[in-house]
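Asker: Here it is: the structure, laid out below.
Number of protein chains: 2
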Amino acid sequence: MDSCVIPLRHGGLSLVQTTDFFYPLVEDPYMMGRIACANVLSDLYAMGITDCDNMLMLLSISQKMNEEEREKIMPLMVKGFRDAAEEGGTSVTGGHTVINPWIIIGGVATVVCQPNEFIMPDNAVPGDVLVLTKPLGTQVAVNAHQWLDNPERWNKIKLVVSKEDVELAYQEAMFNMAMLNRTAAGLMHTFNAHAATDITGFGILGHAQNLAKQQKSEVSFVIHNLPIIAKMAAVSKASGRFGLLQGTSAETSGGLLICLPREQAARFCAEIKSPKYGEGHQAWIIGIVEKGNQTARIIDKPRIIEVMPRGASLHHDNSNTSPETTS
Amino acid sequence: MDSCVIPLRHGGLSLVQTTDFFYPLVEDPYMMGRIACANVLSDLYAMGITDCDNMLMLLSISQKMNEEEREKIMPLMVKGFRDAAEEGGTSVTGGHTVINPWIIIGGVATVVCQPNEFIMPDNAVPGDVLVLTKPLGTQVAVNAHQWLDNPERWNKIKLVVSKEDVELAYQEAMFNMAMLNRTAAGLMHTFNAHAATDITGFGILGHAQNLAKQQKSEVSFVIHNLPIIAKMAAVSKASGRFGLLQGTSAETSGGLLICLPREQAARFCAEIKSPKYGEGHQAWIIGIVEKGNQTARIIDKPRIIEVMPRGASLHHDNSNTSPETTS
């Protein structure tokens, strides 16, 4: 499970908590803080928990940074983390900081819940539909962006992608990684979700397999569609790394993979786009739950859904409505 | 405060939690695991909390270790951590591991409490007495032990200490760092403790000052006695580092510093030595609480209490009862 659930001595309550920490993967320290926080909270959201009682922040300052770098970078990371926590309706009270060769940022999210506040991730049944709430390809986008400064690596992918594509994909990846899965967690209750997990280091297939293993019914998950940040499927192929189309490319702070009753899935995907939840939420039906032996697979030639970066569509909209092009 | 206390939505309950992580400081990985766990739990114990609902373990494996080293060392550290958690009546459910240049071990301790289960550390009053539950000098002992292999450093202290003294002090330090402050936490309730903290990185004086600052009454803490692992006061002086006699030498997983009503302090110190709590518990009256302005100090010439290592007394007992010396 993404979080641990501990029954408490007090009136049917459970302690649910999770921890995660890692190394910066984007250059913007503020966004990195937001991503780290979204990533920790995501384990609670995967259980349909929308409220977190407390967060602790785990931080290591790099010994290789000079005083000036420390004073510039660390407060921004901390602010990003705190802002995301606030957006999640919680706050950061406590934590610990050390000095280390590398920067580390992470946290602990804890909540005390009544039984109806969380959804145990083991109730998928044949006939359910799999929904994913963020596009894949964050790791590919982050690495492709680093390769802009690495001619050897860049040469391998420059035939399939432009520098502008990579910039837009990187922005889109950052946006997605920093976005909380909180709205999706709330809608899991509205639409009667049967199980969910969040997509991180093991890729979509790895996490789908983990989730399938936990199910009480004899089920298997079959993935037909892969929503991927535009051009990143091609980059993954051209680079010969990642395995994005095989579902093994790591994601950071990815979306929720949710098993929903068939009749609810389309409504879930429509509802999450409603402006009342703020901008940028998306969801796709990516597969089905069938009778099986607790495994997950991607079909031979999955449909790739190229998810356009917001930057691109914004640019597109702007030019459509600019005076020059209006007749 | 050593732990954060978050009021919950549920019937007067509070969430109390704390986190700590650091780098190995002793060579024995099993003991290191125990020390890390004792160190995390100590923040709860300082609030008089004797039961922990859940622990998470935070771990980084050093990238410099080869496969064999990893497989030998990490399971021992994890076992030490788990064993100490079990001794504390709790268990480790969850955590996170990364690869890093250095080994890191730490954890998160969380409990959901009723108000009578914890003692807010702000009720010291003039006339109270300060009690300390472990001897000082852990850092000095650990470093002196490392200096056995460093002739330059060793030369500075060899006039005041023998190799055997250092070995015994190191064993004593390990024993103390790995010992839980749980018994002391329980006795804080029995003897009506007014406030407490645990002694770690800021040394006895730093933590005494922090505790003094938090008091609601106008008080100051005055420390008269320093119980120190035998010979480590001399080592601290000879080395010209540490500041052990000034109260600024860091401790790891140190004892609790407890403000007790005067008439209870001696009883506390007697009770904690009772065999019913297992071996090795000690406590000393080290100072007083007087009217003042939220500060703490050590008197000019504090009394040094040389705390004999158990190894030494064991050795001593053995020779006393051995056939050769019995007349």
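Line order of the protein sequences matches chains L and A.
For any residue, its number in the working numbering is found by taking its place in the first sequence, counting from 1, and adding 57.
For any residue, its number in the working numbering is found by taking its place in the second sequence, counting from 1, and adding 57.
Virtual Cβ for every residue (Gly too), placed ideally from N, Cα, C.
Ignore the nearest five residues each way along the sequence and tell me which others in A166 of chain A's own chain have a CB closer than 6 Å to its CB.
Answerer: Within the same chain, and ignoring the five residues on either side of A166 of chain A in sequence, the residues whose Cβ sits closer than 6 Å to its Cβ are T75, V97, L98, L101, C109, M112.
Asker: Whose Cβ in chain L lies nearer than 8 Å to the Cβ of P86 of chain A?
Answerer: Correct list: empty, because the minimum Cβ distance to chain L is about 19 Å.
Asker: For the region 195-222 of chain A, which residues have a beta carbon sitting closer than 7 Å to at least one beta carbon of chain L?
Answerer: none
Asker: Does D140 of chain A come out as helix, strand or coil in the three-state DSSP assignment?
Answerer: helix
Asker: Measure from the C-beta of Q271 of chain A to each C-beta in chain L and report whether the shortest distance is under 9 Å.
Answerer: No, its Cβ sits nowhere closer than 9 Å to a Cβ of chain L.
Asker: Of all the residues that make up the region 144-165 of chain L, which are near chain A by a beta-carbon distance shorter than 8 Å?
Answerer: T150, G151, G152, H153, V155, N157, P158, W159, I161, G163, V165
Asker: Going by C-alpha to C-alpha distance, which of L:I63, L:L317, L:S310, L:P64 sits closest to T247 of chain L?
Answerer: L:L317
Asker: Based on Cα-Cα distance, which residue from A:I345, A:V217, A:N350 lies nearest to A287 of chain A?
Answerer: A:V217
Asker: Would you call the region 187-194 of chain L and the region 132-152 of chain L touching, i.e. three or more CB-CB distances under 8 Å?
Answerer: no
Asker: Using a cut-off of 7 Å between C-beta atoms, extract the partners of F79 of chain L located in chain A.
Answerer: Within 7 Å of the CB of F79 of chain L, the CB atoms of chain A belong to V155, in sequence order along the chain.
Asker: Please identify the residue among L:E174, L:N238, L:F78, L:N212 whose C-alpha is closest to the C-alpha of A141 of chain L.
Answerer: L:N238
Asker: G311 of chain L versus chain A: which residues are under 7 Å apart at the beta carbon?
Answerer: Result: empty, since nearest Cβ-Cβ is about 17 Å, beyond 7 Å.
Asker: By Cβ distance, which residues of its chain are closer than 7 Å to L205 of chain A, with the 5 residues on each side in sequence left out?
Answerer: W211, K220, V223
Asker: Determine the DSSP secondary structure at H264 of chain A, reduced to helix, strand or coil.
Answerer: helix
Asker: Look at the alpha carbon of S376 of chain A and the alpha carbon of G337 of chain A, and state the distance between them as a whole number of angstroms.
Answerer: Below a pLDDT of 50, predicted positions are generally treated as unreliable, and S376 of chain A, at 40, falls in that range; the measurement from the model is reported next regardless. The alpha-carbon atoms of S376 of chain A and G337 of chain A are separated by roughly 21 Å.
Asker: How would you call I176 of chain L, buried or exposed, if buried means at least 16 neighbouring beta carbons within 10 angstroms?
Answerer: buried
Asker: Helix, strand or coil: how does DSSP classify D222 of chain A here?
Answerer: helix
Asker: Between A:S119, A:I162, A:I156, A:E124, which lies nearest to K136 of chain A when the distance is taken from Cα to Cα?
Answerer: Ranking A:S119, A:I162, A:I156, A:E124 by Cα distance to K136 of chain A puts A:I162 first.
Asker: Please confirm whether N111 of chain L has its beta-carbon closer than 9 Å to some beta-carbon of chain A.
Answerer: yes
Asker: State buried or exposed for D357 of chain A, treating a residue as buried only when at least 16 other CB atoms are found within 10 Å of its CB.
Answerer: exposed
Asker: Can you list, in chain order, the residues of the region 307-332 of chain A whose Cβ is nearer than 9 Å to any Cβ on chain L?
Answerer: Going along the region 307-332 of chain A in chain order, one finds no residue with a Cβ nearer than 9 Å to chain L.
Asker: Return helix, strand or coil for T195 of chain A, following the three-state DSSP convention.
Answerer: T195 of chain A falls in the helix class under three-state DSSP.
Asker: Just verifying my parser: in three-state terms, what is the DSSP assignment at N200 of chain L?
Answerer: In the structure shown, N200 of chain L falls within a helical segment according to DSSP collapsed to helix, strand and coil.
Asker: On the three-pair Cβ rule with 8 Å, is the region 285-304 of chain A touching the region 328-336 of chain A?
Answerer: Counting Cβ pairs under 8 Å, fewer than three are found: no touch.
Asker: Could you tell me which of L:N267, L:E126, L:E209, L:A250 sits nearest to M58 of chain L, measuring between CA atoms?
Answerer: M58 of chain L has its Cα closest to that of L:N267, out of L:N267, L:E126, L:E209, L:A250.
Asker: Using a Cβ cut-off of 9 Å (strictly closer), state whether T254 of chain A contacts chain L.
Answerer: no
Asker: Measuring straight from C-alpha to C-alpha, what distance separates S379 of chain L and Q339 of chain L?
Answerer: Note that S379 of chain L scores 38 on pLDDT, short of 50, meaning its location in the model is unreliable and no value can be drawn from it.
Asker: Only counting the same chain, and skipping five residues up and downstream in sequence, which positions put a Cβ closer than 7 Å to that of I106 of chain A?
Answerer: Taken in chain order, the residues that qualify are V73, V168, C170, E174, F175, A242.
Asker: What is the DSSP secondary structure of D255 of chain L, reduced to helix, strand or coil?
Answerer: strand
Asker: Opposite C109 of chain A in the DSSP bridges: which residues?
Answerer: The partner list for C109 of chain A (beta bridge, DSSP) is empty, contrary to what the question assumes.
Asker: Near G69 of chain L, which residues of its chain fall below 8 Å by C-beta distance, leaving aside the five closest residues on each side in sequence?
Answerer: Within the same chain, Q171, P172 come within 8 Å of G69 of chain L by CB-CB distance, once the 5 residues on both sides are set aside.
Asker: Using a C-beta cutoff of 9 Å, does S379 of chain L count as contacting chain A?
Answerer: Here the model assigns S379 of chain L a pLDDT of 38, short of 50, so the residue's position is not dependable, and the following value carries that caveat. No, because no Cβ of chain A sits closer than 9 Å to the Cβ of S379 of chain L.
Asker: Measuring only the C-alpha atoms, how far is F315 of chain A from E328 of chain A?
Answerer: For clarity, residue 315 of chain A is Ile in the given sequence; the question names Phe instead. Taking C-alpha positions only, I315 of chain A is separated from E328 of chain A by approximately 15 Å.
Asker: Mind pulling the chain A residues with CB within less than 9 Å of V135 of chain L?
Answerer: Those within 9 Å of V135 of chain L in chain A number zero; the least Cβ separation is about 15 Å.
Asker: Spatial neighbours of M245 of chain A within its chain, please: C-beta separation below 7 Å, excluding the five flanking residues on both sides.
Answerer: G105, I176, A253, I315
Asker: In three-state DSSP terms, what is I329 of chain L?
Answerer: Reduced to three states, the DSSP call for I329 of chain L is helix.
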